[in-house]
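Read through the structure below, which is laid out as structure tokens, and then see the notes.
Protein chains in written order, with the working numbering: chain A, 1 to 424; chain B, 1001 to 1424.
What follows is the structure, encoded as structure tokens:
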């Protein structure tokens, strides 16, 4: 363990050193590195897939679930998609060096802010090996060094991918040490990594809620927490019924395993009798299991073809990540707002309404990263929001909220052009 | 202790409740509250000064230093200045509600960001009672609730001031509970306060480096650290000599006890023989004690009227907060940059130069909150930077850097106006 810690500290130091050069590297060099990475991911396909196959076999033998095995698995077409994403990041504008809020003070000082990288980003993630490429590419484009620590089950895949990134970026003129990969998957080493304040400027945990909570509690440096979404859609009494069916259906069904998928539908009592049977029929066709409160059950109990069970207290505030939706009938917008405040996770919340004042109240009063009127919460995503790509979705308020793109991996420094000014 | 903790938790809960209404209070109400506070500080002068007199007497009897007693002391003119500052904050633009980065996506979704308060700010501070008014006013104007925990030595003064703020703001229509004051100064209670993640959104420690370090280590929620400045000015070989004397003199002498005051002068060897005698003469007149490296001593040793002693290793990277300056002769800009990187605290750093490329390299390569060309580091200040007022100066990179004004007490939420969009 002692030598593993020494090695980790050496990697941290090397990343820190590299970050100084990365901070003012030209956009050309950064884009060339991303181009090389994309190219080499395909050129070295055999090597990468062979490493992944070993991980996969071992995971399969150890009894990993089909769902998790699917997350771990790479193949030719997945690798092509990953390589394509890297080119997309290369095509995004470079956030570093932007000068903003520049103004001349009465004493002649020109004072403004210049966008600079955060420094060294630590990434702690679980089984999906694409995160290795994803986070490396975003960090390099934003001028940050990165220290990668992936899951044990994907260590061969991640190691092969990190090697490609390291070699391809160095060949493009990036400083040696910009991308560090921690092979040792001992848990105690993560604890040490989380104590390296002053070396690592920000930790990004990617994975389940257990991982994220544990990292947030232990880290001595800033952490971006997020990725957990208990998402509500409130169907107001004035909603366009057809639109409300389509939006809730989309939010629940289009990709139920992700954080911006719907968990609970809140329906105004005045519209519930008309709306719920139509919604339930559509959700039923998609195989959604409904957990309804008493009033929902009273409305839907005679409807054939539904998987409808009584909602329990545990259903409110639960992130289902599957084809399950909780449904509750409420008597007012206020009741819906209270429910969301109590049970929401601050991720994505929506109202469907034709009433202007209800829409504006919802936008104003819901305290979440993303608040929608008349649209599916599934849009909470860096690409959909026009950021090009994302390192994650923040549900904290500090620094940045919602999808985190390249700009959110930067900070600024104040720059001051003087001509001999002194303070009197 | 149990009842003190229960009381603290009740105050936290009340602040949290109040923060919901504060978040969308009109600017008028907030400004009226600040107007009332300013007025009542003067109207209730007798009550406030009587409380302060008691604190002062007790502190004096306990043997507090004259310097600390001066920080603790309030009088009529100080109270007038504090009341004036509150009106200045009222005059600043309200940051809350600003809509920015709004754009229409190809699918017709209008996506943008809306500036909102952080929520509940916790302030932990030492002897200066003006911080009670300062932080409350900035928090209220930016729509945040605040939980104040001042030092033991100023508890009567802080309590009287907090009462004024509470009553004056409620009279203006602010929600009850927006300003909470913790009377109990037990240290264990601070530890509990720092564990209240989910209730308090941000902690601002104000005081010495010991307090700041301890809060940063213990807090479970985000903390803004800063206020510690090891500031360098590098005098390049191409510097305008007269300007360089004036700038260094100002940075050291104008107010030596604050964080943006100069600590170390770095001088290029080619100019040191001419520059240092002129600088030393001026600093000598102001009573500055010089800690010179060997080459500095060789140049200055025969100069009369100086307090010059050899610099020790401990002088580099030291925040003197007094009329002491360390001086080192360097052979190049690179050597100066290395020194600053090694010993700087990331607060404020300056170069004096007439060489364009040296100026640009310094601005690019120095990693600090504020980087100056040809000006005194004393300008690092919210008012000087055009922010109107500040809650502190951040030397961390996350969220905000340098002087923190009203805007830095806010975050944003994404707001999305749809017309039935679903994701395909």
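For glycine and all other residues, C-beta sits at the position ideal for the given N, C-alpha and C.
Residue 417 of chain A is bridged by DSSP to A:110 and B:1373. In terms of Cα proximity to residue 295 of chain A, the closest of A:287, A:276 and A:304 is A:276. Minimum Cα-Cα distance from residue 1159 of chain B among the listed residues B:1118, B:1247 and B:1048 corresponds to B:1048. When 7 Å is used as the limit between beta carbons, residue 1201 of chain B is near these residues of chain A: 397, in chain order.
The C-beta separation of residue 254 of chain A from residue 378 of chain A comes to about 5 Å, placing the pair in contact by the 8 Å criterion. In this structure the stretch 1142-1150 of chain B lies against the stretch 1114-1132 of chain B, because at least three pairs of beta carbons, one per stretch, are closer than 8 Å. At the C-beta level, residue 1037 of chain B and residue 1168 of chain B come within 9 Å of one another. Between the stretch 190-199 of chain A and the stretch 213-222 of chain A there are three or more inter-stretch CB-CB distances shorter than 8 Å, so the stretches are counted as touching. Every unbroken stretch of the beta strand (DSSP E) spanning 3 or more residues and falling wholly within the stretch 1178-1203 of chain B is given here in chain order: 1179-1181. Distance from the CA of residue 1281 of chain B to the CA of residue 1311 of chain B, rounded to the nearest whole angstrom, comes to 18 Å.
Residue 1245 of chain B and residue 1266 of chain B have their C-alpha atoms some 12 Å from each other. Annotation: Cβ neighbours of residue 103 of chain A in chain B (cutoff 9 Å, chain order): 1386. By alpha-carbon distance to residue 195 of chain A, the top candidate from B:1232, B:1420 and B:1217 is B:1217. Inclusion of residue 268 of chain A and residue 332 of chain A in the CB contact set at 9 Å is warranted, their separation being smaller than that value.
For residue 1104 of chain B, the enclosing beta strand (DSSP E) begins and ends at 1099-1104. In the same chain as residue 1212 of chain B, and ignoring 5 residues on each side of it, the C-beta atoms closer than 6 Å to its own belong to 1205 and 1225, in chain order.
Residue 383 of chain A is bridged by DSSP to nothing; it lacks a bridge partner. In the three-state DSSP reduction, residue 1292 of chain B falls in the strand class (E or B).
When DSSP states are grouped into helix, strand and coil, residue 132 of chain A belongs to the helix group. A Cβ-Cβ distance of about 20 Å is found for the pair residue 399 of chain A and residue 260 of chain A, leaving them out of contact under the 8 Å criterion. In the structure shown, residue 1021 of chain B falls within a helical segment according to DSSP collapsed to helix, strand and coil.
Among the residues facing chain B, residue 231 of chain A is not included, as its CB has no counterpart in that chain under 9 Å away. For the 9 Å CB-CB criterion, residue 413 of chain A and residue 1248 of chain B do not form a contact.
By the neighbour-count criterion, in which 16 or more other beta carbons inside 10 Å mark a residue as buried, residue 1086 of chain B falls on the buried side. At a cut-off of 9 Å between beta-carbon atoms, residue 1262 of chain B makes no contact with chain A. If you look at residue 248 of chain A, you'll find it isn't in any beta strand (DSSP E); it sits in the alpha helix (DSSP H) that goes 241-253. The shortest CA-to-CA distance from residue 1010 of chain B to any of B:1177, B:1066 and B:1130 is the one to B:1177. Taking every protein chain shown into account, the CB of residue 1166 of chain B has 16 or more other CB atoms within 10 angstroms, so this residue is buried. The three-state secondary structure of residue 1012 of chain B, taken from DSSP, is helix. Contact annotation: in the stretch 241-270 of chain A, residues whose CB is within less than 7 Å of a CB in chain B are 243, 246, 247, 250 and 254.
Boundaries of the beta strand (DSSP E) around residue 1309 of chain B: 1307-1310. Taking 8 Å as the upper bound for CB-CB distance, residue 1052 of chain B and residue 1157 of chain B are in contact here, some 4 Å apart.
For residue 24 of chain A, the residues of chain B that pass the 9 Å Cβ criterion are 1364 and 1365, in the order they occur in the chain. For residue 1065 of chain B, the secondary structure class from DSSP, reduced to helix, strand or coil, is coil. By the rule that beta-carbons nearer than 9 Å mark a contact, residue 45 of chain A does not touch chain B.
The distance from the Cβ of residue 1138 of chain B to that of residue 1170 of chain B is about 18 Å, inconsistent with a contact at the 8 Å cut-off.
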